[in-house]
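This report refers to the structure that appears directly beneath it.
Protein chains: 8
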Amino acid sequence: MANPRVGIVMGSDSDLPVMKDTTEVLEQLGIEYEVVISSAHRVPQKTARYASSAEERGLEVIIAAAGGAAHLAGVIAAETVLPVIGVPIKTSTLGGLDSLYSIVQMPRGIPVATMAINGAKNAGIFAAQIVGINDAAVRKRVKQFKLEMAKGVEQKDEKLQELGVKAYLAEMKK
Amino acid sequence: MANPRVGIVMGSDSDLPVMKDTTEVLEQLGIEYEVVISSAHRVPQKTARYASSAEERGLEVIIAAAGGAAHLAGVIAAETVLPVIGVPIKTSTLGGLDSLYSIVQMPRGIPVATMAINGAKNAGIFAAQIVGINDAAVRKRVKQFKLEMAKGVEQKDEKLQELGVKAYLAEMKK
Amino acid sequence: MANPRVGIVMGSDSDLPVMKDTTEVLEQLGIEYEVVISSAHRVPQKTARYASSAEERGLEVIIAAAGGAAHLAGVIAAETVLPVIGVPIKTSTLGGLDSLYSIVQMPRGIPVATMAINGAKNAGIFAAQIVGINDAAVRKRVKQFKLEMAKGVEQKDEKLQELGVKAYLAEMKK
Amino acid sequence: MANPRVGIVMGSDSDLPVMKDTTEVLEQLGIEYEVVISSAHRVPQKTARYASSAEERGLEVIIAAAGGAAHLAGVIAAETVLPVIGVPIKTSTLGGLDSLYSIVQMPRGIPVATMAINGAKNAGIFAAQIVGINDAAVRKRVKQFKLEMAKGVEQKDEKLQELGVKAYLAEMKK
Amino acid sequence: MANPRVGIVMGSDSDLPVMKDTTEVLEQLGIEYEVVISSAHRVPQKTARYASSAEERGLEVIIAAAGGAAHLAGVIAAETVLPVIGVPIKTSTLGGLDSLYSIVQMPRGIPVATMAINGAKNAGIFAAQIVGINDAAVRKRVKQFKLEMAKGVEQKDEKLQELGVKAYLAEMKK
Amino acid sequence: MANPRVGIVMGSDSDLPVMKDTTEVLEQLGIEYEVVISSAHRVPQKTARYASSAEERGLEVIIAAAGGAAHLAGVIAAETVLPVIGVPIKTSTLGGLDSLYSIVQMPRGIPVATMAINGAKNAGIFAAQIVGINDAAVRKRVKQFKLEMAKGVEQKDEKLQELGVKAYLAEMKK
Amino acid sequence: MANPRVGIVMGSDSDLPVMKDTTEVLEQLGIEYEVVISSAHRVPQKTARYASSAEERGLEVIIAAAGGAAHLAGVIAAETVLPVIGVPIKTSTLGGLDSLYSIVQMPRGIPVATMAINGAKNAGIFAAQIVGINDAAVRKRVKQFKLEMAKGVEQKDEKLQELGVKAYLAEMKK
Amino acid sequence: MANPRVGIVMGSDSDLPVMKDTTEVLEQLGIEYEVVISSAHRVPQKTARYASSAEERGLEVIIAAAGGAAHLAGVIAAETVLPVIGVPIKTSTLGGLDSLYSIVQMPRGIPVATMAINGAKNAGIFAAQIVGINDAAVRKRVKQFKLEMAKGVEQKDEKLQELGVKAYLAEMKK
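Residue numbers (the numbering used here), protein chains in the order written: chain A, 1 to 174; chain H, 175 to 348; chain C, 349 to 522; chain F, 523 to 696; chain E, 697 to 870; chain X, 871 to 1044; chain W, 1045 to 1218; chain V, 1219 to 1392.
Below, the structure is given as structure tokens:
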């Protein structure tokens, strides 16, 4: 098996149902990845080691997901020069606004590329866009992916024009 | 000089004008402290070392101040069993709400005792309250401090009763 | 039975399902506690008496939980020099942001150590960290607690590496 | 001098520049008042005594102003059956949203009638509306006050029609 | 039947399940009331007439409840010198923050006494506190009401002391 | 069939259950419309073409609905001089506040007329009000619509007066 | 002079410095307008009369600006079938979020087309877009306006390409 | 001169004083860039062309800055498979929260890597981290940059230890 190019880290396995979308889109785009549970607060040294060794292990991008006072992405970004993508996880109290602020408002010098709250799928696509800069095959697959997405919208629109609003809605409920 | 009992850490010297209030109240309450600049993101290992060695160096409480995606207090709390007090620093864009969320919304297992935005003085008082549990002299000084604060309010009220609103306001402007 | 060292106060018994986490973690860490229902607004004098007598009754830390215009922690902090920890309870309208602001934004002079919204477990851990400063047995138990928490993360990660994402998720749903 | 019918309490003399508007409108409406500085947190017993004795001292309404974790109005409302009006004071970090939430989100049983952030003038008018229910002279003055306010708007509009936008703006800048 | 002293107005019958709490507490406190559905936007003239005739019809206080861009209380306050109490109704999108801002942030000159989001019960109690200023029987009932509320808290606390946390929680779930 | 005068565009068919309200009210008001699925991000060129050709195709008003980083209405407004109405769709994380900000805060020069979050029905009514300026039949139907709405409120109020609160509520639950 | 086609209403002359932008853009686009000061709360009947007579007086669009609990636009929309555009005015405490919510979150049946906070210029442009549907001359001027705006951006870009960042910034500061 | 590898686009030249930080850090890190003013709303076709031709023109990363309803980054991301970094510009009314939401909350399929509000410097660093994946010289310069940043923190800390708080603050004010 090829070496992983993208590392996906999450602070808790409770983030996995969201982050599975990242793994699926990376598979769809043909990019090797690994998934790791490693909390910034509960196992800080494991997390630091993971981040500081990522480059020499051949990773190209790291995706970090966390909720609440979501320090994981920032803590990883502190230990590597690889690009780090952060996914703020929705919280039950503040809807994920706490996660978003904790990830996006990084101080000067240590950026984290922040996705939408629960934006797991986009994290995978963005990683692929980065990888695709120097990998023509990946770039081609990203283009194909976007074309299919566009085609999906057009097909839905065609169906709507054909069925009309009421019949379309009736079918959606099935 | 006695060993410091309270460590004050801030991510940037730009936090110092706010955090000077912590140092002043600790002096007033007769508690030894040290002040350190150590960013969670720019010097993560120094920060981790500071936190993990704090206990054996004799510190009893750590106060951490940071703004924006304020990870400092959480990162320190991950590396020590000493109580960690967090001070969210006001930011020019979100008023410090980003700092507050990043500090207070810690996940289960790793608490940070959060003060008000820019609540530097209260961080010092709270540290003294902790220290005072087992140090009768400190506790006495905290009581004295509260008494004087109460007296200050009463004196202002007396002056207001004496002068009336208009004259009091005129004097405030002087 | 030993005297309680931590007092847990809540404004309403509707906070009890959340605050039970505090009691459980204090039991796990071997710290005596008491639990009291006493509203700042409905029984203000009982609350004031509870707070002002806490020190002489041997309490070392008070934990106060309330929701909405959550004045309980501040009102207690006004009447004692013991450290007061506040737990903002989630509300159905504002998600607990009202509780958070009402607890954390205390004025200069009267700090309340604020936990995350519904952060009941962390309130107990933080109380233990305070108590542990001068109680080696408690401190040791807190360290043990953190080690086990770390071990839990590592075990989950090992399991994830073993099972892969899909099988892990399938097992989570069981 | 007649007994005060309205008590104005503020947590700090820093609120006085805002709350002077309350005193001015009460004077304009011919209602006796008193002004007191009494913090819920710094002098809790003085505050409780003030509130619990207000009724027998002949007060009819209490206005309480505070900022941040603004507990003053709620703490007073806990100790009296007189109607309590709360004025949330603007804060430099959160614009007064913290004050607003701390005052308005009172639990069932203990209402506080909340005004706009820095709504000191309206607190006075509302107190007058309450007093006016059973005092025909006050009610008449409130009506007169509203008529003059309406006339003021109409005069501005007439002037605008006369001058046009540009000349009106030029005059405003003078 | 005696004349109503309190008028309860709501913009839509969808507010009635919340506002029934107002009617219940007013009944408990022995205060006559009337309930009216009258939208500020859908039947503006009916609403204006209701407000402008309220005084001569003998009402002493008006309670207005609305959600979203909640103009009802302000529109009523514009047409009467009676005290107007506003109840912001929770909304499904913004949790009632839109309702709260629309009611509490009234401009200078036209106050609305704002309750908590969905604070229907407190609106009734506050109306009773106003009425009670000049009605000894009502005031006495409000005092009795507060005493019983306090007793309720004390009984819950006693039961908690007796049963302990676990048994109390078990009974709550029944 | 007559040419459509109003174009309804939505970024995804998941917005259709909300936007069906727009279609229903337009039918009720006798205004021809068309419904199109066309995402600003997934099919940008289709969207641009739709907007830039709208005028010559005879549309008079465009309604655009989107959620999250809701660019659709702004992107359409950039390509036409027809009035564009934006409907922010509620989101599961931020309640639709993200959608609202993305639609309403348009820069100088390119307005979007923003409705309430999920305000699909009002978008249709507002389009009818625009169309009605120069179409007496439509204007008359809008007036009739408002009259019936008013009558509906009055009927509910009459029923409430007749039944009383309890019976009315009992009937609502049926 | 031709009859005004657009009515601009504001609750207070303090809104005029913002709303002057509306008047300027309407002049630029050759559309007759009138400007009126008329508060929803201070002169409710004048406001209602203005709105209910607008149609017969020949107005086609009404623009209403207000801040805080900004009811003006909604109150006007309640009394007319003309399209009403709302401009939320920035407030010193909540930045205009209160104004925005009070204007945009209108209940079903009574839409207000909301612009950005302080979006006075866009209110004028949007009114022109509405008027332009049936007035080819106005529509042409709106197109011209958009073309010039586009040209302005292109000229700035050309200048930037010519000067480079530093020189461009230096010139901006002049 | 070498071809630009990073394209910096901003919606208005008013964003240039903030975005100059991006240009400076890219120069420091030795990465060729270009700067373009191109609004998503005022010159949508120019913007679309810029984005859709970026890949063949040899750009590797695009940075887009905008404020308010900030659609620029999303509109560009819709037209290219290159990674797009978004910089939300601070706004005078909502502090940039509107810009942040408009950029970060992108729908599934079209990611934008969002930086902090006004995080112009980090956008440049993040672009360099991306470029550095396959360019050893750039990666080395990023590492050097981080080392110097770390050294800067350490030097400040040393100076603070040497001078103490008061003298350090005195020097900061110079």
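Where a beta carbon is used, it is the ideal one built from N, C-alpha and C, also for glycine.
List the residues of chain H that Lys-1361 (chain V) touches, going by C-beta distances under 7 Å, in chain order. Within the eighth sequence, the letter at position 143 stands for residue 1361 (chain V). Under the 7 Å cutoff, chain H gives no residues; its nearest Cβ is about 13 Å from Lys-1361 (chain V).
Under 6 Å Cβ to Cβ from Glu-556 (chain F), same chain only, skipping five residues before and after it: list those, please. The residue given as residue 556 (chain F) occupies position 34 in the fourth sequence. If we look at Glu-556 (chain F) and ignore the five residues flanking it on each side, its Cβ neighbours are Pro-526 and Gly-529.
Using beta carbons (cut-off 8 Å, strictly below), is Ile-1255 (chain V) in contact with chain W? Your numbering for residue 1255 (chain V) matches position 37 in the eighth sequence. Ile-1255 (chain V) counts as touching chain W.
Roughly how many whole angstroms lie between the Cα atoms of Ile-291 (chain H) and Leu-1033 (chain X)? Translated into positions along the second sequence, residue 291 (chain H) becomes position 117. Translated into positions along the sixth sequence, residue 1033 (chain X) becomes position 163. Cα-Cα distance, rounded: 53 Å.
Under 8 Å between C-beta atoms, does Asn-1178 (chain W) make it to chain V? The count along the seventh sequence starts at 1 and reaches residue 1178 (chain W) at position 134. Residue-level contact by beta carbon fails for Asn-1178 (chain W) and chain V, as no gap is shorter than 8 Å.
Counting Cβ pairs closer than 8 Å, one from the stretch 194-206 of chain H and one from the stretch 1367-1381 of chain V, do we hit at least three? no
Three-pair Cβ contact test at 8 Å for the stretch 1267-1287 of chain V versus the stretch 1299-1314 of chain V: yes
Backbone CA spacing between Asp-891 (chain X) and Gly-989 (chain X) [nearest angstrom]: The residue given as residue 891 (chain X) occupies position 21 in the sixth sequence. The residue given as residue 989 (chain X) occupies position 119 in the sixth sequence. About 9 Å.
Ala-239 (chain H) lies in the beta strand (DSSP E); which residues open and close that run? To locate residue 239 (chain H), count along the second sequence from 1; it is residue 65. First-last of the beta strand (DSSP E) with Ala-239 (chain H): 235-241.
Would you tell me roughly how many angstroms separate the C-alpha atoms of Asp-187 (chain H) and His-1085 (chain W), rounded to the nearest one? Within the second sequence, numbered from 1, the residue matching residue 187 (chain H) stands at position 13. Within the seventh sequence, numbered from 1, the residue matching residue 1085 (chain W) stands at position 41. Each residue's alpha carbon lies about 50 Å from the other.
Measure from the alpha carbon of Lys-394 (chain C) to the alpha carbon of each residue in E:Ala-750, E:Ala-866, E:Tyr-864 and E:Leu-843, then state which is nearest. Along the third sequence, read from residue 1 onward, the residue named residue 394 (chain C) stands at position 46. Nearest of E:Ala-750, E:Ala-866, E:Tyr-864 and E:Leu-843 to Lys-394 (chain C), Cα basis: E:Leu-843.
The alpha helix (DSSP H) that contains Glu-894 (chain X), what's its start and end? Here residue 894 (chain X) corresponds to residue number 24 of the sixth sequence, with the count starting at 1. Run containing Glu-894 (chain X): 886-898, per the alpha helix (DSSP H) assignment.
In angstroms with no decimal places, state the Cα-to-Cα distance between Val-1119 (chain W) and Val-771 (chain E). Taking the seventh sequence and counting its residues from 1, the one referred to as residue 1119 (chain W) is at position 75. Taking the fifth sequence and counting its residues from 1, the one referred to as residue 771 (chain E) is at position 75. Taking the straight line from one Cα to the other gives about 8 Å.
What distance in whole Å lies between the Cβ atoms of Ser-972 (chain X) and Ala-940 (chain X), which are believed to be in contact at a cut-off of 8 Å? The count along the sixth sequence starts at 1 and reaches residue 940 (chain X) at position 70. The count along the sixth sequence starts at 1 and reaches residue 972 (chain X) at position 102. With a Cβ gap of about 4 Å, Ala-940 (chain X) and Ser-972 (chain X) count as contacting.
Which of helix, strand or coil DSSP assigns to Met-628 (chain F): By 1-based counting over the fourth sequence, the position of residue 628 (chain F) is 106. It is coil, neither helix nor strand.
With burial defined as no fewer than 16 other Cβ atoms inside 10 Å of the residue's Cβ, what is the status of Gly-1313 (chain V): buried or exposed? Start at 1 with the first residue of the eighth sequence, and residue 1313 (chain V) comes out as number 95. When all chains shown are included, Gly-1313 (chain V) counts as buried.
Relative to chain H, which residues along the stretch 38-58 of chain A have a C-beta separation below 8 Å, given in chain order? Ser-39, Ala-40, His-41, Arg-42, Pro-44, Gln-45 and Ala-48
Roughly how many angstroms lie between the CA atoms of Val-1156 (chain W) and Ala-1122 (chain W), to the nearest whole one? Your numbering for residue 1156 (chain W) matches position 112 in the seventh sequence. Your numbering for residue 1122 (chain W) matches position 78 in the seventh sequence. For Val-1156 (chain W) and Ala-1122 (chain W), the distance between alpha carbons rounds to 10 Å.
Any beta carbon from chain C within less than 8 Å of Val-261 (chain H)'s own beta carbon? On the second sequence, position 87 is the one that residue 261 (chain H) refers to. No, Val-261 (chain H) lies away from the interface with chain C (no Cβ there is under 8 Å from its Cβ).
So, with DSSP's three-state summary, where would you put Ile-1249 (chain V)? Taking the first residue of the eighth sequence as 1, we reach residue 1249 (chain V) at position 31. Coil at Ile-1249 (chain V), not helix or strand.
I'd like the list of long-range same chain contacts for Asp-885 (chain X), defined as Cβ closer than 6 Å, with 5 residues on each side in sequence excluded. Counting from 1 along the sixth sequence, the entry for residue 885 (chain X) is found at position 15. Excluding sequence neighbours, Asp-885 (chain X) sits near Ala-935 and Ile-959.
Strictly below 7 Å CB to CB, what residues from chain W border Met-1019 (chain X)? As a working mapping, residue 1019 (chain X) is identified with position 149 in the sixth sequence. Within chain W, the residues whose beta carbon sits less than 7 Å from that of Met-1019 (chain X) are Gly-1153, listed in sequence order.
May I ask which residues mark the beginning and end of the alpha helix (DSSP H) holding Val-1001 (chain X)? Residue numbering aside, residue 1001 (chain X) sits at position 131 when the sixth sequence is read from its first letter. Note, Val-1001 (chain X): alpha helix (DSSP H), 990-1002.
Alpha carbon of Ile-655 (chain F) to alpha carbon of Asp-831 (chain E), nearest angstrom: Taking the fourth sequence and counting its residues from 1, the one referred to as residue 655 (chain F) is at position 133. Taking the fifth sequence and counting its residues from 1, the one referred to as residue 831 (chain E) is at position 135. Approximately 12 Å between the Cα atoms of the pair.
Listed from N- to C-terminal order along the chain, which residues in the stretch 614-626 of chain F have their beta-carbon within a distance smaller than 9 Å of any beta-carbon of chain C? Thr-615, Leu-616, Leu-619, Asp-620, Ser-621, Leu-622, Tyr-623, Ser-624, Ile-625 and Val-626
With C-beta atoms as the reference, is Val-1105 (chain W) less than 8 Å away from Pro-1127 (chain W)? Position 61 of the seventh sequence, counted from the start, is the residue given in the question as residue 1105 (chain W). Position 83 of the seventh sequence, counted from the start, is the residue given in the question as residue 1127 (chain W). Taking 8 Å as the cut-off, the beta carbon of Val-1105 (chain W) is found closer than this to the beta carbon of Pro-1127 (chain W).
Please say whether Val-1299 (chain V) and Lys-174 (chain A) have beta carbons closer to each other than 8 Å? Taking the first sequence and counting its residues from 1, one reaches residue 174 (chain A) at position 174. Taking the eighth sequence and counting its residues from 1, one reaches residue 1299 (chain V) at position 81. Contact: no.
In the structure shown, what three-state DSSP assignment does Pro-44 (chain A) receive? Position 44 of the first sequence holds residue 44 (chain A). The answer is helix: DSSP assigns Pro-44 (chain A) an H, G or I state.
What does the alpha-carbon distance come out to for the pair Pro-1262 (chain V) and Ala-1269 (chain V)? Sequence index remark: in the eighth sequence, residue 1262 (chain V) carries index 44 (1-based). Sequence index remark: in the eighth sequence, residue 1269 (chain V) carries index 51 (1-based). Spanning the two alpha carbons is a distance of roughly 11 Å.
Have a look at Asp-98 (chain A) and Lys-1184 (chain W) and give me their C-alpha separation to the nearest angstrom. Taking the first sequence and counting its residues from 1, the one referred to as residue 98 (chain A) is at position 98. Taking the seventh sequence and counting its residues from 1, the one referred to as residue 1184 (chain W) is at position 140. Asp-98 (chain A) and Lys-1184 (chain W): Cα-Cα distance of roughly 48 Å.
Less than 8 Å between the C-beta atoms of Ser-561 (chain F) and Val-339 (chain H), yes or no? Position 39 of the fourth sequence holds residue 561 (chain F). Position 165 of the second sequence holds residue 339 (chain H). No, these two residues do not count as a Cβ contact at 8 Å.
May I ask whether a heavy atom of the ligand GTP can be found less than 7 Å away from the beta carbon of Gly-965 (chain X)? This structure lacks the ligand GTP; in fact it carries no ligand of any kind.
To the nearest angstrom, report how far apart Met-1159 (chain W) and Ala-247 (chain H) are at their CA atoms. Counting from 1 along the seventh sequence, the entry for residue 1159 (chain W) is found at position 115. Counting from 1 along the second sequence, the entry for residue 247 (chain H) is found at position 73. Distance between the alpha carbons of Met-1159 (chain W) and Ala-247 (chain H): 41 Å.
Can a CB atom of chain V be found closer than 8 Å to the CB of Gly-881 (chain X)? For the purposes of this step, residue 881 (chain X) is taken as the residue at position 11 of the sixth sequence. Taking Cβ atoms only, chain V reaches closer than 8 Å to Gly-881 (chain X), which makes this a yes.
Spell out whether any CB of chain V is found under 8 Å from the CB atom of Leu-190 (chain H). Here the question's residue 190 (chain H) lines up with position 16 in the second sequence. Any Cβ of chain V closer than 8 Å to the Cβ of Leu-190 (chain H) would place that residue at the interface, and such an atom is present.
Compute the Euclidean distance between the alpha carbons of Phe-841 (chain E) and Arg-1152 (chain W), then round it to the nearest angstrom. Within the fifth sequence, the letter at position 145 stands for residue 841 (chain E). Within the seventh sequence, the letter at position 108 stands for residue 1152 (chain W). Take the alpha-carbon of Phe-841 (chain E) and the one of Arg-1152 (chain W): they are about 39 Å apart.
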